[in-house]
Amino acid sequence: MAERVGREKISREDGYLYFLGKDGYVWRTPMKTNSRGRKGKVGSEKISRAQGYLYFIDKGGYVARAKMNRRGRR
C-alpha cells in the first residue's frame with residue numbers, strides 16, 4: 001500500500017518519464033520516442049527521502065511512497 005507524501009499536484013505530458021531526483025524535487029526526462037524533449041525540474045516542493053522506501057508519482061499526480069520488499073535483506 002502506498003502513502004501520499006507530497007501536496008503539490010504534478011500534471012503529466014505524454015513522452016516524458018517523471019521521477020523524484022536525489023535533490024528531492026520532481027524531474028522529467030524525455031523518453032526515447034520523444035526526440036525534441038528536454039530534461040527539467042517540474043515541481044517546486046522538496047521531498048525528504050527515508051531509507052527503505054520507493055518514491056513515485058501516483059495516478060492522481062502526487063508524490064507517493066511504498067515500503068520496498070527486500071526479501072529478508074535490510
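To convert, note that position 26 of the sequence shown is 26 in this note's numbering; the numbers rise steadily by one, no gaps.
Just so it is clear, CB atoms sit at the ideal spot from N, CA and C, and this is done for glycine as well.
Which residue wins for smallest C-alpha separation from residue i, given the options the options?
{"i": "E8", "options": "A50, Y55 and V26", "result": "V26"}
{"i": "R28", "options": "M68, K22 and G40", "result": "G40"}
{"i": "F19", "options": "G43, R70 and A50", "result": "G43"}
Measure the beta-carbon distance from residue i to residue j and round it to whole angstroms, keeping in mind my assumption that it falls under 8 angstroms.
{"i": "E3", "j": "A64", "result": "6 angstroms"}
{"i": "M31", "j": "Y16", "result": "7 angstroms"}
{"i": "I57", "j": "V5", "result": "Between V5 and I57 the Cβ distance is about 11 angstroms, and since that is not below 8 angstroms, they are no contact."}
Ignore the nearest five residues each way along the sequence and tell me which others in residue i's own chain have a CB closer than 8 angstroms to its CB.
{"i": "S11", "result": "G61"}
{"i": "M68", "result": "G52, Y53 and L54"}
{"i": "R49", "result": "L20, G24 and Y55"}
Tell me, which residues are paired with residue i by DSSP?
{"i": "V26", "result": "L20"}
{"i": "V63", "result": "I57"}
{"i": "K32", "result": "Looking at the DSSP assignment, K32 forms no beta bridge with any residue, so it has no partner."}
{"i": "R4", "result": "A64"}
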